[in-house]
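Adding 874 to a residue's 1-based position in the sequence shown gives its number in the numbering used here.
For each residue, glycine too, the CB sits at the ideal point set by N, CA and C.
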Amino acid sequence: MTLSDDPLLGTADPAAAQVFNAGGQSPFLIIGDHAGNAIPHRLGALGLTAADRARHIAWDIGVHDLGRALAEAFDAPFIFQRYSRLVIDCNRDPAHPDAVPAVADGSVIPGNAGLMPGQLAARVAAIHAPYHERIAAELARRADEARPTILLAVHSFTPMLGGTSRPWHAGILHDGGDTRFAKALLTALGAHRDLVVGDNEPYRMDATDYSVPRHAYAARLPYAEIEIRQDLLADAAGVASWSRTLRSACETVLDHTATTSPTF
């Protein structure tokens, strides 16, 4: 039996798509593409050390806790998946070379070397597809109920990459589709004089991103892809502080647009 024939996830592995506060009534829908660093038991440790599995290359540090905090603050659903981005990156098209990297920020990923098409297909079927199907199902349900939706994709970034320090505390990413909410959120966060907020920094939303373009662009959903520097989410106090900051900024945008735009 090949890996593609045998289910990748066993009974001891977490479900691919998980939801916190599924009944949340807020217009916000929060998603976490890289909320965990789990590896399916069948894949061992991908040949990685414990130190590499804990690094930013394996997951978005702090995003699971931040997503839950925001879900509670907004009374919003938080859809996330707990598998490492090194198993399959759920913010990449499965056909993209970065979807299953062989090297990440200087670390070789032995378990991804020479990956056969069937092995890639097994990872997509077990993790990537169910996660995006869960997001799509929630959006379809909300559309059927004529409920407005603003998609918030929550990410975090390492303070240092390739020997270069990154000065931003946060970044708001946007590109196609309905960018009004993202740009308004950028303005609201920028009003905090003590914050350095990047406009499509430290990453640009471009052809490498998958989740927001797939779920928001064609549907013309307002959205924002939010990046928070990982050292600012290192403890419960940091998570709580950023949850308050983001809640305040998002509510400022909603309060303003309620009088200027009928769409959100």
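Practice task
Note down the Cα distance separating Asp907 from Arg942, rounded to an integer number of angstroms.
Solution key: 13 Å
Handout entry: Inter-residue Cα distance where the pair is Ala890 and Arg1008
Key = 10 Å
Practice task
Inspect the beta-carbon positions of Asp934 and Ser1039 and report whether they are closer than 8 Å.
Solution key: no
Handout entry: Proximity to Thr1053 [Cα-Cα], best of Ser958, Asp1068, Val1113, Leu1026
Key = Leu1026
Exercise for the section: Could you please give me the residues that DSSP links to Val982 through a beta bridge? Expected result: Val977
Practice task
Assess, as a yes-or-no matter, whether the region 1115-1129 is touched by the region 1055-1072 under the definition of 3 or more beta carbon pairs within less than 8 Å.
Solution key: yes
Practice task
Please report the residue range of the alpha helix (DSSP H) in which Val937 lies.
Solution key: 937-948
Handout entry: Terminal residues of the alpha helix (DSSP H) in which Gln993 lies
Key = 991-997
Problem - Three-way DSSP call (helix, strand, coil) for Asp967 in this model - result: coil
Handout entry: Rounded separation between Asp887 and Ile953 - CA only
Key = 18 Å
Practice task
For Pro1076, collect the residues of the same chain with a Cβ closer than 8 Å to its Cβ; drop the 5 residues on either side in sequence, then sort them by chain order.
Solution key: Phe1031, Leu1035, Arg1040, Trp1042, Gly1045, Glu1101
Handout entry: Helix, strand or coil at Asp1105 according to DSSP, with G and I counted as helix
Key = helix
Exercise for the section: Count the other C-beta atoms from every protein chain shown that fall within 10 angstroms of the C-beta of Ala1023, then say buried if there are 16 or more, exposed otherwise. Expected result: The amino acid occupying residue 1023 in the given sequence is Thr; Ala does not appear at that position. So Thr1023 counts as buried.
Problem - Contiguous alpha helix (DSSP H) assignments of at least 4 residues, all confined to the region 1051-1127 - result: 1054-1064
Practice task
Note down, one range per segment and in chain order, each beta strand (DSSP E) of at least 3 residues found wholly within the region 1013-1041.
Solution key: 1024-1031
Handout entry: Cβ-based burial, Arg1103 [other Cβ within 10 Å; buried from 16]
Key = buried
Practice task
Going by CA-CA distance only, name the one from Tyr1091, Ala912, Glu1099 that's closest to Asp1073.
Solution key: Glu1099
Exercise for the section: Buried or exposed for Gln899, please, with buried defined as at least 16 other CB atoms from any protein chain shown within 10 angstroms of its CB. Expected result: exposed
Practice task
Could you tell me which of Ala987, Gly992, Tyr1005, His930 sits nearest to Val893, measuring between CA atoms?
Solution key: Tyr1005
Practice task
Note the first and the last residue of the continuous beta strand (DSSP E) segment covering Ala1044.
Solution key: 1044-1047
Handout entry: Close Cβ partners of Ala973 (< 7 Å) along its chain, the five nearest in sequence each way excluded
Key = Ile962, Asp963, Arg966, Asp967
Handout entry: Residue environment, His1048, which counts as buried when at least 16 other CB atoms sit within 10 Å
Key = buried
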